[in-house]
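Residue numbers (the working numbering): 535 to 796.
Please read the structure below before turning to the comments.
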Amino acid sequence: MKVTILGARGSVPTDGDNMRVFGGATSCIMVEADGSVIFLDAGTGMMRAPDIHPPHATILLTHPHIDHLIGLPFFPYLYQSGTVIDIYAGTKEGLDARAQIDSFLSPPRWPCTIDEYPAKAICHTIAAPFEVDNVKVSFMDSNHPGGSTIFRLDHGGTSLVYATDYEHTDEKDEQLIRFSQDADLLLYDGQYTEEEADEKRGFGHSTAQHGVMIMERCNARLLRLIHHHPIHTDADLLRMEDMVRDDNISFARQGEIICLQK
Ligand SMILES: [Zn+2]
Ligand SMILES: [Zn+2]
Numbered sequence: 535m536k537v538t539i540l541g542a543r544g545s546v547p548t549d550g551d552n553m554r555v556f557g558g559a560t561s562c563i564m565v566e567a568d569g570s571v572i573f574l575d576a577g578t579g580m581m582r583a584p585d586i587h588p589p590h591a592t593i594l595l596t597h598p599h600i601d602h603l604i605g606l607p608f609f610p611y612l613y614q615s616g617t618v619i620d621i622y623a624g625t626k627e628g629l630d631a632r633a634q635i636d637s638f639l640s641p642p643r644w645p646c647t648i649d650e651y652p653a654k655a656i657c658h659t660i661a662a663p664f665e666v667d668n669v670k671v672s673f674m675d676s677n678h679p680g681g682s683t684i685f686r687l688d689h690g691g692t693s694l695v696y697a698t699d700y701e702h703t704d705e706k707d708e709q710l711i712r713f714s715q716d717a718d719l720l721l722y723d724g725q726y727t728e729e730e731a732d733e734k735r736g737f738g739h740s741t742a743q744h745g746v747m748i749m750e751r752c753n754a755r756l757l758r759l760i761h762h763h764p765i766h767t768d769a770d771l772l773r774m775e776d777m778v779r780d781d782n783i784s785f786a787r788q789g790e791i792i793c794l795q796k
């Protein structure tokens with residue numbers, strides 16, 4: 535699987551000369567596997583989707599918080615007729631997948647619905663593991679206000695776990711460690727410093743240090759910290775990264791490509 539970090543910022547998009555190293559686009563990870571193209575979340579990173587325009591693409595939406603949906607109106611593949619886009623999401627706040635998309639992509643927040651784009655979008659509300667071509671998709675509930683979904687993709691003997699918008703608790707950690715066992719890549723919510731995490735209990739995010747503990751306990755090979763706090767500058771993030779960095783651990787950078795091979 536080829537993994538491209540299109541957006542690694544959390545909560546809201548950012549910009550500025552002091553945010554160039556890690557980027558300001560919000561959550562969107564592109565995964566390519568044997569011709570399948572899967573997007574994890576639809577943050578503003580999605581606007582940077584490469585110009586390959588596959589006839590079919592898939593979006594796995596963790597939850598409908600705005601930073602995870604705000605790139606969808608300008609998703610380039612939506613503007614191509616003949617393209618089919620399958621969008622999968624678990625029920626959140628009583629809303630099925632389609633209602634979550636409509637909650638953002640419809641008047642008064644947006645002038646049209648997703649049906650009015652040239653591409654055909656099909657929404658699926660998920661309840662059990664499923665497959666996208668040859669990629670096995672499994673999921674578990676995160677601990678996050680309003681709920682969020684943690685996804686695992688397995689393909690050709692390689693695997694990744696996308697654990698964004700996750701606040702650690704002992705009970706959830708045990709579940710996440712089992713779920714992420716032997717993953718090649720763990721993408722983990724490292725939004726807060728340890729001090730911030732203490733102050734912001736219940737906000738639904740975690741720390742790099744906790745990500746390292748999860749990585750070690752689930753025997754993941756690589757760790758990338760994601761969902762960078764919008765107020766953290768490059769200097770802040772480099773300082774936070776220094777505390778955990780090694781050959782296999784770093785903070786995700788917008789534009790970074792990670793190839794997972796057996
Ligand atoms: Zn978020
Ligand atoms: Zn969220």
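Every residue gets a Cβ at the ideal spot worked out from N, C-alpha and C, and that includes glycine.
Under the assumption that residue i contacts residue j (Cβ atoms under 8 Å), give the Cβ distance between them as a whole number of angstroms.
| i | j | result |
| --- | --- | --- |
| residue 577 | residue 604 | 6 Å |
| residue 725 | residue 762 | 7 Å |
| residue 663 | residue 671 | 6 Å |
| residue 590 | residue 682 | The Cβ separation is near 25 Å, so there is no contact. |
| residue 623 | residue 595 | 4 Å |
| residue 754 | residue 717 | 5 Å |
| residue 609 | residue 564 | The Cβ separation is near 11 Å, so there is no contact. |
| residue 676 | residue 700 | 5 Å |
| residue 567 | residue 612 | Contact flag wrong, Cβ pair sits at about 22 Å. |
| residue 719 | residue 635 | Actually they are not in contact, since the Cβ atoms of residue 719 and residue 635 sit about 27 Å apart, beyond 8 Å. |
Ordered along the chain, which non-local residues of its own chain (more than five positions away) have a Cβ less than 6 Å from that of residue i?
| i | result |
| --- | --- |
| residue 627 | 680 |
| residue 744 | 702 |
| residue 783 | 757 |
| residue 705 | none |
| residue 769 | none |
| residue 766 | none |
Pick from the options: whose alpha carbon is nearest that of residue i?
| i | options | result |
| --- | --- | --- |
| residue 689 | 711, 575, 794 | 794 |
| residue 544 | 597, 764, 637, 783 | 764 |
| residue 760 | 735, 727, 733 | 727 |
| residue 713 | 748, 641, 783 | 748 |
| residue 575 | 599, 796, 553 | 599 |
| residue 807 | 692, 771, 774, 776 | The shown model of the chain, from 535 to 796, leaves out residue 807, and the question about it has no answer. |
| residue 625 | 645, 613, 661, 641 | 661 |
| residue 656 | 641, 631, 673 | 631 |
| residue 633 | 796, 659, 686, 770 | 659 |
| residue 730 | 740, 721, 641, 722 | 740 |
| residue 539 | 546, 584, 735, 715 | 584 |
| residue 722 | 734, 549, 736, 707 | 707 |
| residue 541 | 641, 776, 582 | 582 |
| residue 552 | 772, 779, 738 | 772 |
Which same chain residues, not among the five before or five after residue i, have their C-beta less than 7 Å away from its C-beta?
| i | result |
| --- | --- |
| residue 666 | 570, 572, 592 |
| residue 639 | 606, 607, 647, 648 |
| residue 751 | 711 |
| residue 796 | 690, 691, 692 |
| residue 734 | 726 |
| residue 588 | 571 |
Excluding the 5 residues flanking residue i on each side, which residues of the same chain have their C-beta closer than 8 Å to its C-beta?
| i | result |
| --- | --- |
| residue 546 | 560, 600, 601, 764 |
| residue 732 | none |
| residue 549 | 558 |
| residue 709 | 674 |
| residue 685 | 574, 594, 596, 671, 672, 673, 695, 696 |
| residue 715 | 752, 753 |
| residue 746 | 757, 778, 783 |
Please confirm if residue i has its CB atom under 7 Å from at least one CB of chain E.
| i | result |
| --- | --- |
| residue 767 | Among the protein chains of the structure shown there is no chain E, as only one such chain exists. |
* To do: Evaluate contact between the region 688-704 and the region 611-620, counting only Cβ atoms and requiring at least three cross-stretch pairs below 8 Å.
  => no
* **the region 544-562 / the region 777-795 touching (three or more Cβ pairs under 8 Å)** => Verdict: yes, contact present.
* Asked: Which residues, in chain order, sit with a beta-carbon under 7 Å away from any heavy atom of ligand 1?
  -> 544, 545, 561, 599, 601, 602, 698, 699, 761
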